[in-house]
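For reference, the structure discussed in these notes is given below.
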Amino acid sequence: MEKKKYCSIKHLALIKKYQEEGRYEKALHEVELYLKNYPKDPLGLFQGASLFIKLNLLEQAERVLNLIKEQERFDVLDYENYVLVWLRLLCAQKKYKEAYNLFIEKNIENFKKYSTKTGDKIFLWNKLGLPVEKKEYQHSYYLHQLYHYSEQRFLKHMKKHFYDSSEETAKFYPEFSFQQIYPIIKELLPTQHFVLQSLSGYYTIFRYDNCGYCTEGPANYFKVVFIANTNSIITMYPHMPEEYIGYTDLNYLKEEQEVPTLKKVKRLSQVEKFNQKYNR
């Protein structure tokens with residue numbers, strides 16, 4: 002009789018690979034398959050929870066994290082990673098006081114896996130109106146924007162992402178009408194298509210053909226990184242991801258300059274299919 006398997010290291014490695022490559026649709030599909038075949042594997046549950054939070058599938062993420070909590074299999078699962086994912090979920094749910102309590106109770110700032118570069122503490126302290134020492138954010142554009150957002154500082158930052166700058170490899174072409182597009186993007190944020198990067202930041206994708214170029218070549222899309230649950234943009238630049246979790250198409254602006262309101266054009270993403278399937 003063939004011995005029953007309780008996990009698949011190869012399948013887990015594939016899911017992790019897809020996530021690292023930003024191929025979230027494929028990762029989500031594989032997570033569904035994995036949890037169907039190995040519903041009690043703590044490593045699979047953890048991979049699923051991390052992905053669900055990234056894609057704003059928060060009910061699924063909480064359910065899976067509670068399953069891990071019930072099992073307490075920290076002999077095979079890294080406890081620090083588990084706590085950090087809970088912290089991420091609480092912030093995505095806007096439960097900032099609970100997130101703060103967890104941060105303090107578990108002494109997360111001293112975790113080996115914790116990095117001050119993510120801005121998690123600054124974001125959380127700012128949400129609760131708590132003071133942060135200036136030395137913790139003054140030398141980083143990103144961290145400074147999290148604590149004291151300045152639109153003027155963002156606009157100055159954006160100069161490096163245009164064709165006449167030599168600072169960045171991803172640049173917009175001169176034809177890209179930033180002054181026209183920027184206010185429209187601000188009206189749309191936060192969009193329904195976004196990926197969570199950290200407690201503090203999301204990114205979303207817009208389509209605007211031939212908007213610029215990046216390392217891989219000419220780009221028809223650009224990425225917008227913004228502060229969680231706001232329309233405060235940290236940065237934006239031409240981007241050519243292998244796959245998209247969904248995007249908003251702005252190409253109509255090229256032909257319909259007089260249109261005062263945005264016509265949202267989207268394709269059904271794997272996340273939306275997932276939600277439809279489970280009536281979310």
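So the number in my numbering is just where the residue sits in the sequence shown, counting from 1, plus 1. Where a beta carbon is used, it is the ideal one built from N, C-alpha and C, also for glycine.
- Taken through DSSP and simplified to helix, strand or coil, residue 28 comes out as helix.
- The residue from 223, 205, 201 and 200 with its alpha-carbon nearest to that of residue 211 is 223.
- Contact between residue 207 and residue 249 holds: CB atoms are separated by about 5 Å, below the 8 Å threshold.
- The DSSP assignment places complete beta strand (DSSP E) segments of no fewer than 3 residues inside the segment 204-249 at 218-228 and 234-240, in order along the chain.
- For residue 247, the closest of 69, 196, 180 and 213 by C-alpha to C-alpha distance is 196.
- Listed in chain order, the non-local C-beta contacts of residue 101 below 7 Å within the same chain comprise 125 and 129, local neighbours out to five positions each way being set aside.
- Between the C-alpha atoms of residue 60 and residue 32 there is a straight-line separation of about 15 Å.
- Given a length threshold of 4 residues, each whole run of the alpha helix (DSSP H) inside the segment 17-61 is given here in chain order: 25-38 and 43-55.
- A residue is called buried once 16 or more other Cβ atoms fall within 10 Å of its Cβ, and residue 201 is buried on that count.
- The beta-bridge partner set that DSSP reports for residue 196 consists of 204.
- Of the candidates 213, 81, 145 and 56, the residue whose Cα lies closest to the Cα of residue 176 is 213.
- Annotation for residue 115: no alpha helix (DSSP H) segment contains it, and DSSP assigns it neither H nor E.
- If you draw a straight line from the Cα of residue 67 to the Cα of residue 22, it is about 27 Å long.
- Contact between the segment 152-165 and the segment 229-237 is present, with at least three C-beta pairs closer than 8 Å.
- Per DSSP, reduced to three states, the secondary structure at residue 95 is coil, with no helix or strand assignment.
- Annotated three-state conformation of residue 75 is coil, per DSSP.
- The C-alpha of residue 149 is placed about 13 Å away from the C-alpha of residue 131.
- Note on geometry: alpha-carbon atoms of residue 192 and residue 205 lie some 7 Å from one another.
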